[in-house]
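Report on one structure; see the data block that follows.
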Amino acid sequence: MPSSLSLRAAVVSVLMFVAFVLVWHAGTRGGGAVQQMDPEYAKLMGATATQGKSAMPGPLDVSEKIWEHLNRPFYDNGPNDKGVGIQLAYSIARVLTGYLLAVAVAIPIGFLIGMSPLMSRALDPFIQVLKPISPLAWMPLALYTIKDSHLSSIFVIFICSLWPMLINTAFGVASVRREWLNVARTLEVGTLRRAFTIILPAAAPTILTGMRISIGIAWLVIVAAEMLVGGTGIGYFVWNEWNNLSINNVITAILVIGVVGMVLDLVLAKFTRLVTFPE
Amino acid sequence: MSHKFISIEGIARRFPAGGGGTTTVFEDLWLSMQRGEFTCMIGHSGCGKTTVLNILAGLDAPSAGTVIVDNEAIEGPSLDRAVIFQTHALLPWRTVMGNVAYAVASKWRKWSAARVRERAQKFIDLVGLSGAEGKRPAELSGGMKQRVGIARALSIEPKIMLMDEPFSALDALTRGTLQDEVRRICQETGQTVFMITHDVDEAIYLADRIVLMTNGPGAVIAEIVENPLPKQRARTDIHRHPLYYAVRNHIIDFLVARSKNFAREMRGRHDPRSVPVVRPGAIEPVPLDTNIRRLAGHAGH
Numbered sequence: 001m002p003s004s005l006s007l008r009a010a011v012v013s014v015l016m017f018v019a020f021v022l023v024w025h026a027g028t029r030g031g032g033a034v035q036q037m038d039p040e041y042a043k044l045m046g047a048t049a050t051q052g053k054s055a056m057p058g059p060l061d062v063s064e065k066i067w068e069h070l071n072r073p074f075y076d077n078g079p080n081d082k083g084v085g086i087q088l089a090y091s092i093a094r095v096l097t098g099y100l101l102a103v104a105v106a107i108p109i110g111f112l113i114g115m116s117p118l119m120s121r122a123l124d125p126f127i128q129v130l131k132p133i134s135p136l137a138w139m140p141l142a143l144y145t146i147k148d149s150h151l152s153s154i155f156v157i158f159i160c161s162l163w164p165m166l167i168n169t170a171f172g173v174a175s176v177r178r179e180w181l182n183v184a185r186t187l188e189v190g191t192l193r194r195a196f197t198i199i200l201p202a203a204a205p206t207i208l209t210g211m212r213i214s215i216g217i218a219w220l221v222i223v224a225a226e227m228l229v230g231g232t233g234i235g236y237f238v239w240n241e242w243n244n245l246s247i248n249n250v251i252t253a254i255l256v257i258g259v260v261g262m263v264l265d266l267v268l269a270k271f272t273r274l275v276t277f278p279e
Numbered sequence: 001m002s003h004k005f006i007s008i009e010g011i012a013r014r015f016p017a018g019g020g021g022t023t024t025v026f027e028d029l030w031l032s033m034q035r036g037e038f039t040c041m042i043g044h045s046g047c048g049k050t051t052v053l054n055i056l057a058g059l060d061a062p063s064a065g066t067v068i069v070d071n072e073a074i075e076g077p078s079l080d081r082a083v084i085f086q087t088h089a090l091l092p093w094r095t096v097m098g099n100v101a102y103a104v105a106s107k108w109r110k111w112s113a114a115r116v117r118e119r120a121q122k123f124i125d126l127v128g129l130s131g132a133e134g135k136r137p138a139e140l141s142g143g144m145k146q147r148v149g150i151a152r153a154l155s156i157e158p159k160i161m162l163m164d165e166p167f168s169a170l171d172a173l174t175r176g177t178l179q180d181e182v183r184r185i186c187q188e189t190g191q192t193v194f195m196i197t198h199d200v201d202e203a204i205y206l207a208d209r210i211v212l213m214t215n216g217p218g219a220v221i222a223e224i225v226e227n228p229l230p231k232q233r234a235r236t237d238i239h240r241h242p243l244y245y246a247v248r249n250h251i252i253d254f255l256v257a258r259s260k261n262f263a264r265e266m267r268g269r270h271d272p273r274s275v276p277v278v279r280p281g282a283i284e285p286v287p288l289d290t291n292i293r294r295l296a297g298h299a300g301h
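This is the structure:
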């Protein structure tokens, strides 16, 4: 009974969430040691010292903060005070630009590798060496050559999204069922038409799986890249709020990053289902 | 000798084997077929039947020899030779209509979409799949899938249809119905067919000539059995025909015993270029001079 199973799973999820929030609340309720101090001095000290309040925000503080952000996602009070919506928009725009560039490069090259054993062997050493490089290791080189932090972060996204798509496309193209290719051969289908009408649809699920892995990695990397280059973006927002010692905002940003990553993954999963046909 | 529509001339197929040697699937294989003829090839697994079919299709190249179809040596696959694959090989992302239309559009590249659909529809109707045009292969039963495969092959008006055990994956009932359909369609259209099968009854029902192949490696065509049953035969009462068991027993005897020991039995007397043609159940031709002597003997009394 799948409906009852998902219902029970939902109940367990809610219970776990409630338990987590309660533990969190209890842990940050405060009640730490309060020092006796001069009232004048107490004014200079934070609530942690004067009232024994925990430095870690509790669930109520965070939900209040999230509510505040949801109400005003797009305000812009200058370089260091922008709404979380604006920061997210910057990050998503960077991710999508770098990612789509990577799609445009990885899929044709993946096709080439998958269709030509010669190119497969010739390009293999380059791919093997370039693939394990942390995308952030490219950052100094990108900054030096491109001389623009915004474009450099796009480049880093490009380079990190490239490999999973390239490898999956090559694999998908190379492992198209022999009999489908034979159908095309007996029908005297030309190379280009074969690529679009047989190989592409046959390899599409594998290619989309690569694209799904890539978007996940790109979203992981953008936070780190923006922490490095600064200026705008959700990664910069996290770092900036850390510098402001606003743990509340940091936690909010972490949650937002998680939700956006999940949405990106769901979109790609949906596309994958659209091109997957059972036999 | 009648005109050879398809002529397999001395083909061989060898594969590199482990340790630098070669495995010879078959060597110096000769076979010809006439236009409109239904030929079945029977033999045990591994005798190279599928290799022969793939070479005819152009999907595989012979290591030696040539195949001539309609006076032209074949070079690679062609729209003239349609293949019905054992595993039906339908494109799962296309509907029934899409699969058949893909073949039609490949043959007549300049046709409008409407014209392509119209022709595809005609062949979908021919194989009895009207109403299932919009379904994808995953929604079809095994028999229906193979019908789509047949419609796809027929729709391009091939000179020859090559079938690689097309019904082996189907249950007995579906297989029977499809055999009827294939026989009906081939008789109506005068289609030349080369089919590989494991099923003796299927071969007797469908084929005009049955090619018997010995066990591989190094397989040879041992005999060609001419089907003595009348052209107008029905699957339901074919087994009551007086010659039915003569043919059947002949083929089964071959498969059970002779296919293994053929080479030893012949001891080099086998000529691959003129394979004996047998017609089981027919009165054995007796050399003329014995008859005369016998007659003379009678007269002497």
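If you're matching them up, the sequences are chains A and H in order.
Letter by letter, the first sequence follows residues 1 to 279 in my numbering.
Letter by letter, the second sequence follows residues 1 to 301 in my numbering.
For each residue, glycine too, the CB sits at the ideal point set by N, CA and C.
Scanning the segment 184-262 of chain H for uninterrupted alpha helix (DSSP H) segments of 4 residues or longer gives 200-206 and 244-253, listed from N- to C-terminal end. Listed along chain A, the residues sitting closer than 8 Å to residue 85(H) by beta-carbon distance are 179, 182 and 183. If you ignore the 5 residues before and after residue 88(A), its C-beta comes within less than 7 Å of the C-beta of 234, 256 and 260, all in its own chain and listed in chain order.
At a cut-off of 8 Å between beta-carbon atoms, residue 93(H) makes contact with chain A. When rounded, the separation of the alpha-carbon atoms in residue 221(H) and residue 30(H) is 8 Å. It is roughly 8 Å from the alpha-carbon of residue 160(A) to the alpha-carbon of residue 134(A).
By the CB criterion at 8 Å, residue 202(H) and residue 277(H) fall outside the cutoff. Excluding its 5 nearest sequence neighbours in each direction, residue 168(H) has C-beta neighbours in its own chain below 8 Å: 86, 197, 198 and 199, listed in chain order. If you look at residue 161(H), you'll find it in the beta strand (DSSP E) that goes 160-164. Between the segment 13-30 of chain H and the segment 118-136 of chain H there are fewer than three inter-stretch CB-CB distances shorter than 8 Å, so the stretches are not counted as touching. Under the three-state reduction of DSSP output, residue 104(A) falls in the helix class. Taking the Cα positions, residue 65(A) is about 40 Å away from residue 207(A).
Close to chain A, meaning a Cβ-Cβ distance shorter than 7 Å, are the following residues of the segment 129-147 of chain H: 136, 137 and 138. Non-local beta-carbon contacts of residue 251(A) in its own chain, meaning distances under 7 Å to residues more than five positions away in sequence, involve 57 and 62 in chain order. For the segment 186-200 of chain A, the set of positions with a beta-carbon nearer than 9 Å to some beta-carbon of chain H reads 186, 187, 188, 189, 193, 197 and 198 in chain order. The alpha carbon of residue 183(A) has as its nearest neighbour, out of 17(H), 249(H) and 104(H), the alpha carbon of 104(H). Contact check between the segment 88-105 of chain H and the segment 182-194 of chain H: fewer than three CB pairs, one atom from each, fall below 8 Å, which does not count as touching. Between residue 278(A) and chain H, the shortest Cβ-Cβ separation is below 8 Å.
Taking a contact as a CB-CB distance under 8 Å, the pair residue 221(A) and residue 152(A) does not count as one, their CB atoms being some 12 Å apart. Between residue 8(H) and residue 67(H), the C-beta spacing is below 8 Å. Within chain A, the residues placing a beta-carbon under 7 Å from that of residue 106(H) are 187, 188 and 189, ordered along the chain. In the structure shown, the three-state DSSP call for residue 5(H) is coil. Residues of chain A whose Cβ lies closer than 7 Å to the Cβ of residue 77(H) are, in chain order, 185, 186 and 188. The three-state secondary structure of residue 111(H), taken from DSSP, is coil. Distance from the CA atom of residue 60(H) to the CA atom of residue 21(H), rounded to whole angstroms, is 20 Å. Contacts with chain A at 8 Å (Cβ-Cβ) include residue 57(H). Comparing C-alpha distances from residue 46(H) to each of 195(H), 273(H) and 215(H) shows the shortest one belongs to 215(H).
In the three-state DSSP reduction, residue 63(H) falls in the coil class, being neither helix nor strand.
Taking CB atoms only, residue 89(H) has a neighbour in chain A less than 8 Å away. By alpha-carbon distance to residue 130(A), the top candidate from 167(A), 195(A), 80(A) and 171(A) is 167(A). Counted as a single uninterrupted DSSP element, the alpha helix (DSSP H) harbouring residue 161(A) occupies residues 149-174.
Within chain A, the residues whose beta carbon sits less than 9 Å from that of residue 81(H) are 186, listed in sequence order. If you draw a 10 Å sphere on the C-beta of residue 145(H), you find 16 or more other C-beta atoms in it, and that means buried. When Cβ-Cβ separations below 8 Å define contact, residue 12(H) makes no contact with chain A. Only residues of its own chain outside the window of five on either side were considered, and among them 275 have a CB closer than 6 Å to the CB of residue 204(A), listed in chain order. When secondary structure is reduced to three states using DSSP, residue 146(A) falls in the helix class.
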